[in-house]
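Going by UniProt numbering, 252 is the number at position 252 of the sequence shown; the sequence numbering is gapless.
Some notes on the structure that comes next.
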Amino acid sequence: MPAPPLDTCATDTQAARLGRTLRLFGLTALLCLLVAAVLTLIPPTAGSFWRNLWFSQWIGLWAAVAVTLLRRLPGLQRLPRRAATALRLAVALPLGYVLGYACAYALLGEPVRVVGLRDYQVAAIVATVLSGGFVTYLAWLRQRLADEAAARLLAQKLAVEAELRMLRAQLEPHMLFNTLANLRSLVDEEPAQARHMIDLLITYLRAALAGSRTDTSTLQAEFAQLAAYLEIMALRLGTRLRYRLELPAALQQARVPPMLLQPLVENALKHGVEPKVGGAELVVSARRDDDGGLLLEVADTGLGLAPGHETEPEAGGYGLAHVRSRLRALYGEGASLQLAPRQPCGTRARVRIPA
Numbered sequence: 001m002p003a004p005p006l007d008t009c010a011t012d013t014q015a016a017r018l019g020r021t022l023r024l025f026g027l028t029a030l031l032c033l034l035v036a037a038v039l040t041l042i043p044p045t046a047g048s049f050w051r052n053l054w055f056s057q058w059i060g061l062w063a064a065v066a067v068t069l070l071r072r073l074p075g076l077q078r079l080p081r082r083a084a085t086a087l088r089l090a091v092a093l094p095l096g097y098v099l100g101y102a103c104a105y106a107l108l109g110e111p112v113r114v115v116g117l118r119d120y121q122v123a124a125i126v127a128t129v130l131s132g133g134f135v136t137y138l139a140w141l142r143q144r145l146a147d148e149a150a151a152r153l154l155a156q157k158l159a160v161e162a163e164l165r166m167l168r169a170q171l172e173p174h175m176l177f178n179t180l181a182n183l184r185s186l187v188d189e190e191p192a193q194a195r196h197m198i199d200l201l202i203t204y205l206r207a208a209l210a211g212s213r214t215d216t217s218t219l220q221a222e223f224a225q226l227a228a229y230l231e232i233m234a235l236r237l238g239t240r241l242r243y244r245l246e247l248p249a250a251l252q253q254a255r256v257p258p259m260l261l262q263p264l265v266e267n268a269l270k271h272g273v274e275p276k277v278g279g280a281e282l283v284v285s286a287r288r289d290d291d292g293g294l295l296l297e298v299a300d301t302g303l304g305l306a307p308g309h310e311t312e313p314e315a316g317g318y319g320l321a322h323v324r325s326r327l328r329a330l331y332g333e334g335a336s337l338q339l340a341p342r343q344p345c346g347t348r349a350r351v352r353i354p355a
């Protein structure tokens, strides 16, 4: 898929920062509520719950503000994550305690009493440190889980691309050997057609080699490769194969994974067109759906799905399973591959790639 515009990336970053800040303040408010409840039950304090809540919320608010501001310091951003977290905690908690008590006393109209620690203030400090440490631990745990999820996603993508290379290694020699066998029979009998097939084979192999060296391709390149492949198959099958490629000009530069449609076309030829007496038609098309997503279809008028597979979502062999796994790894649950019967006969494979 094309890289998003720079302003979109900036908006996403700002939204992510805002989300982290709101989660920090919300979690801090909940922990301060817990701290107030605990302080109310401690014998040395045993103060009013609402008074304890008032002070704890102000301390938590200023501590959260301090953490938020410290996150933006370039010097801290260059430190290792654990060291930066410990330093933010060491600065934010005392600062939050002092400023929180000062604001709470000032708004109550009482003299500010922060220096000269008493038992209830010691308990408040301990509760503040513990709650701050708990917030920090939760933030660290959440970040660690996010990093592990990202690592799993990357590993899945790498595994899928490794499977793609293996699939190419299986498909291309098979297709190449069959084409060379046909060329051998055409060289003496129909040399002009043999030269045409060689040109098509060169086009197909050049496109396949280019696709193996990149993570994405354009629909224009994919359809050019499919055109060469289907023309080769049409020379082999003769009048038994009729095909059409329908690619609107507006979608020619749309980015897709390389060789995404090749297994679907091969599946349609192998299971739909070739076994059918009299042959069939195969249509490959692309269009946008109502949500701006990309819809790619490989439809044929061949034998159709085997009995019992009409409503089976995982119908198809290794090639189709590989397409599904690639879509899931690259686009998540927003992408899909659906296999359905086509009326009055044949099969339709539909790929949806989200916008």
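No residue lacks a Cβ here, since even glycine has one placed at the ideal position from N, Cα and C.
Mind checking which residues open and close the beta strand (DSSP E) that includes residue i?
{"i": "residue 68", "result": "That residue, residue 68, is in no beta strand (DSSP E); its alpha helix (DSSP H) goes 49-71."}
{"i": "residue 300", "result": "294-300"}
{"i": "residue 347", "result": "347-353"}
Tell me the residue span of the alpha helix (DSSP H) that contains residue i.
{"i": "residue 266", "result": "262-268"}
{"i": "residue 235", "result": "219-237"}
Can you tell me which of the three DSSP states residue i falls into?
{"i": "residue 323", "result": "helix"}
{"i": "residue 187", "result": "helix"}
{"i": "residue 74", "result": "helix"}
{"i": "residue 342", "result": "coil"}
{"i": "residue 245", "result": "strand"}
{"i": "residue 79", "result": "coil"}
{"i": "residue 314", "result": "Only weak support exists for where residue 314 lies, its pLDDT of 45 falling under 50; the coordinates are left without a value."}
{"i": "residue 277", "result": "coil"}
{"i": "residue 4", "result": "With a pLDDT of only 42 at residue 4, under 50, the local geometry of the prediction cannot be trusted, and no value is derived from it."}
{"i": "residue 303", "result": "coil"}
{"i": "residue 335", "result": "coil"}
{"i": "residue 15", "result": "helix"}
{"i": "residue 254", "result": "coil"}
{"i": "residue 117", "result": "Here residue 117 scores only 49 on pLDDT, less than 50, and its place in the model is too uncertain to base an answer on."}
{"i": "residue 20", "result": "helix"}
{"i": "residue 171", "result": "Legend: pLDDT at residue 171 = 49, less than 50; position of this residue unreliable, no value from coordinates given."}
Flag residue i as yes when its Cβ comes closer than 7 angstroms to any non-hydrogen atom of the ligand FAD, and as no otherwise.
{"i": "residue 244", "result": "As presented, the structure is devoid of all ligands, the ligand FAD included, so that no description of it is given."}
Considering only the alpha carbon of each residue, which of the options lies closest to residue i?
{"i": "residue 355", "options": "34, 335, 41", "result": "335"}
{"i": "residue 37", "options": "23, 55, 20", "result": "55"}
{"i": "residue 86", "options": "70, 100, 28", "result": "70"}
{"i": "residue 276", "options": "182, 204, 103, 302", "result": "302"}
{"i": "residue 280", "options": "248, 153, 346, 17", "result": "346"}
{"i": "residue 242", "options": "51, 80, 283, 144", "result": "283"}
{"i": "residue 237", "options": "182, 40, 27", "result": "182"}
{"i": "residue 340", "options": "88, 351, 90, 109", "result": "351"}
{"i": "residue 90", "options": "67, 41, 298", "result": "67"}
{"i": "residue 248", "options": "30, 19, 180, 296", "result": "296"}
{"i": "residue 245", "options": "152, 258, 189, 221", "result": "221"}
{"i": "residue 299", "options": "337, 23, 293", "result": "337"}
{"i": "residue 323", "options": "304, 25, 256", "result": "256"}
{"i": "residue 232", "options": "200, 252, 215", "result": "200"}
{"i": "residue 105", "options": "286, 53, 153", "result": "53"}
{"i": "residue 360", "options": "72, 29, 27, 151", "result": "Nothing in the structure corresponds to residue 360, since the chain is present only between 1 and 355."}
{"i": "residue 235", "options": "353, 147, 219, 186", "result": "186"}
{"i": "residue 348", "options": "305, 326, 321", "result": "305"}
{"i": "residue 203", "options": "269, 230, 80, 342", "result": "230"}
{"i": "residue 58", "options": "100, 194, 268, 196", "result": "100"}
Is residue i close to chain B? Criterion is C-beta to C-beta, closer than 8 angstroms.
{"i": "residue 252", "result": "The displayed structure is made up of one protein chain only, and chain B is not part of it."}
(message) Pairs of beta-carbons, one from the region 251-269 and one from the region 219-237, closer than 8 angstroms: are there three or more?
(response) yes
(message) Does the structure place the region 91-106 close enough to the region 54-62 that three or more beta carbon pairs sit under 8 angstroms?
(response) Three or more beta-carbon pairs drawn from the region 54-62 and the region 91-106 are found closer than 8 angstroms, and the two stretches are therefore classed as touching.
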